[in-house]
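S.K.: Numbering (our numbering), first residue to last: 41 to 351.
Every residue gets a Cβ at the ideal spot worked out from N, C-alpha and C, and that includes glycine.
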Ligand code: G3H
Ligand code: 13P
Ligand code: ZN
């Protein structure tokens, strides 16, 4: 099946009370692990690429790796630009064949966010590409943007109708207490999300797909393996999976997961080296990383997103 946009995916997800996983990809093994999991679970998938990923792998390599994965499956897959910083970044991805882009102008003032998003939407829609925008700011580090916890701000439900009407965006990322990275809450702090904001946004925008960034759960068994085998990830904490499951039954149609993939890969590779100090063939330890990604993504699809058998 060729690459698709998220339009039909999100309509079905909204009605069906589940969410589609948007997994960040940087290399071949991660792409293969995610897509094999999606295929076995018959789940739609969003493969998303950050500016950092494009720089690391080379945009041409990444695009062709994703296209190769798509050619080996019959599930619907979206190729999405994650956190497009400006019009030029989005234009470059659209010209390159991405079926979906995110313009992240959330750190600009409201009116400026609208103007920048509107310009991307016009260019994208003329070419059959869909656009995710963002209102409110998450804490955490993502590529060029490092938002301190004190500068993060929740989305104001009062702003969402004007924003979506004026920009024409196809989905909206909101800030309800998730954050990027593997250290989302301080030790002793109770993980909390502002479900009241999500509910209010859902009421103001009935049927409109909402996106959650910073939605990794940072599996503690994997963190323990990393720490057991020479790593140092003290106090790494994520979003409890039951909260994400609840969000998926509400207006949230897309859930972004990157840090969990990183943690799963790192745990597998550290364990591999500890148990096989004589190994030096990358296929051995990267093979373990690929299997760990596949297992993690299957778990997310079945137990968190609820997107199995929806392809
Ligand atoms: O939100 C950002 C994603 O986790 C991508 O991270 O910019 O390090 O590729 P990256
Ligand atoms: P995590 O760091 O929680 O995986 O978030 C990823 C993300 O939002 C990518 O845009
Ligand atoms: Zn993000």
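Can a CB atom of chain C be found closer than 8 angstroms to the CB of residue 312?
M.R.: Absence of chain C from the displayed structure is noted, only one protein chain being present.
S.K.: Should the stretch 227–247 be called in touch with the stretch 307–324, which here means at least 3 C-beta pairs below 8 angstroms?
M.R.: no
S.K.: When the Cα of residue 304 is compared with those of 343, 320 and 222, which residue comes out closest?
M.R.: Working through the chain shown from its first residue, we reach residue 304 at position 264. That would be 222, whose Cα lies nearest to the Cα of residue 304.
S.K.: Assuming the contact rule is C-beta atoms closer than 8 angstroms, residue 200 and residue 238 should be a hit. Round their C-beta distance to whole Å, please.
M.R.: Working through the chain shown from its first residue, we reach residue 200 at position 160. Working through the chain shown from its first residue, we reach residue 238 at position 198. Not confirmed; about 11 angstroms, so no contact.
S.K.: Determine the DSSP secondary structure at residue 339, reduced to helix, strand or coil.
M.R.: As a first step, residue 339 is located in the chain shown; it is residue number 299 there, counting from the start. Residue 339: helix per DSSP, three-state reduction.
S.K.: I'd like to know whether the C-beta atoms of residue 64 and residue 136 end up nearer to each other than 8 angstroms.
M.R.: Taking the first residue of the chain shown as 1, we reach residue 64 at position 24. Taking the first residue of the chain shown as 1, we reach residue 136 at position 96. Taking 8 angstroms as the Cβ cut-off, residue 64 and residue 136 do not qualify as a contacting pair.
S.K.: Can you tell me whether DSSP reads residue 306 as helix, strand or coil?
M.R.: The residue labelled residue 306 in the question sits at position 266 within the chain shown. Three-state result, residue 306: helix.
S.K.: Who are the near neighbours of residue 58 in its chain, counting only those whose CB is closer than 7 angstroms to its CB and skipping five residues on each side?
M.R.: Along the chain shown, read from residue 1 onward, the residue named residue 58 stands at position 18. Excluding sequence neighbours, residue 58 sits near 288, 345, 346, 347 and 350.
S.K.: Would a C-beta distance cut-off of 8 angstroms place residue 70 and residue 210 closer than the cut-off?
M.R.: Within the chain shown, the letter at position 30 stands for residue 70. Within the chain shown, the letter at position 170 stands for residue 210. Going by C-beta atoms, residue 70 is not nearer than 8 angstroms to residue 210.
S.K.: If you follow the alpha helix (DSSP H) that residue 81 is part of, which residue opens it and which one closes it?
M.R.: As a position in the chain shown, residue 81 is number 41, starting the count at 1. Segment 68–81, the alpha helix (DSSP H) holding residue 81.
S.K.: Check residue 56 in the structure and name its three-state DSSP category.
M.R.: For the purposes of this step, residue 56 is taken as the residue at position 16 of the chain shown. Of the three classes helix, strand and coil, the one that applies to residue 56 here is helix, per DSSP.
S.K.: Along the chain, where does the beta strand (DSSP E) that runs through residue 211 open and close?
M.R.: Here the question's residue 211 lines up with position 171 in the chain shown. First-last of the beta strand (DSSP E) with residue 211: 211–214.
S.K.: Just mark residue 203 as buried or exposed, buried being the case when its beta carbon has 16 or more other beta carbons within 10 Å.
M.R.: Along the chain shown, one-based indexing puts residue 203 at 163. Looking at its Cβ environment, which holds 16 or more other Cβ atoms inside 10 Å, residue 203 is buried.
S.K.: Take the Cβ of residue 100 as the centre, count every other Cβ of all protein chains shown within 10 Å, and call the residue buried at 16 or more, exposed below.
M.R.: The residue labelled residue 100 in the question sits at position 60 within the chain shown. When all chains shown are included, residue 100 counts as exposed.
S.K.: Assuming residue 8 contacts residue 330 under a Cβ cut-off of 8 angstroms, what Cβ separation, rounded to an integer in Å, is found between them?
M.R.: Any property of residue 8 remains undetermined from this structure, which presents the chain solely from 41 to 351.
S.K.: Return the CA-CA distance between residue 281 and residue 257, expressed in angstroms with no decimal places.
M.R.: What you label residue 281 is simply residue 241 of the chain shown in a count that begins at 1. What you label residue 257 is simply residue 217 of the chain shown in a count that begins at 1. Distance between the alpha carbons of residue 281 and residue 257 is about 6 angstroms.
S.K.: CA-CA distance, residue 158 and residue 125?
M.R.: Residue numbering aside, residue 158 sits at position 118 when the chain shown is read from its first letter. Residue numbering aside, residue 125 sits at position 85 when the chain shown is read from its first letter. CA-CA distance, residue 158 to residue 125, rounds to 14 angstroms.
S.K.: Quick one: complete alpha helix (DSSP H) runs, 4+ long, within the stretch 250–306?
M.R.: 260–268 and 281–289
S.K.: Could you tell me whether any non-hydrogen atom of ligand 2 is closer than 7 angstroms to the CB of residue 287?
M.R.: Translated into positions along the chain shown, residue 287 becomes position 247. No, Cβ of residue 287 sits at least 7 angstroms from all heavy atoms of ligand 2.
S.K.: How many Å lie between residue 112 and residue 299 at the Cα?
M.R.: Residue mapping note: residue 112 aligns to position 72 of the chain shown, counting from 1. Residue mapping note: residue 299 aligns to position 259 of the chain shown, counting from 1. The straight-line gap from Cα to Cα measures roughly 26 angstroms.
S.K.: Beta-carbon within less than 7 angstroms of residue 215's beta-carbon, same chain only, minus the 5 sequence neighbours each way: which residues are those?
M.R.: Taking the chain shown and counting its residues from 1, the one referred to as residue 215 is at position 175. 176, 177, 178, 192, 193, 194 and 195.
S.K.: Would you list the residues sitting across from residue 177 in a DSSP beta bridge?
M.R.: In the chain shown, the residue the question calls residue 177 occupies position 137. Residue 177 pairs with 193.
S.K.: If I follow the unbroken alpha helix (DSSP H) through residue 104, where does it start and stop?
M.R.: Here residue 104 corresponds to residue number 64 of the chain shown, with the count starting at 1. Taken as a continuous stretch (DSSP letters only), the alpha helix (DSSP H) holding residue 104 covers 99–111.
S.K.: When you compare each of 164, 235, 170 and 253 to residue 146 by their alpha carbons, which one comes out closest?
M.R.: Translated into positions along the chain shown, residue 146 becomes position 106. Out of 164, 235, 170 and 253, 253 has the C-alpha closest to the C-alpha of residue 146.
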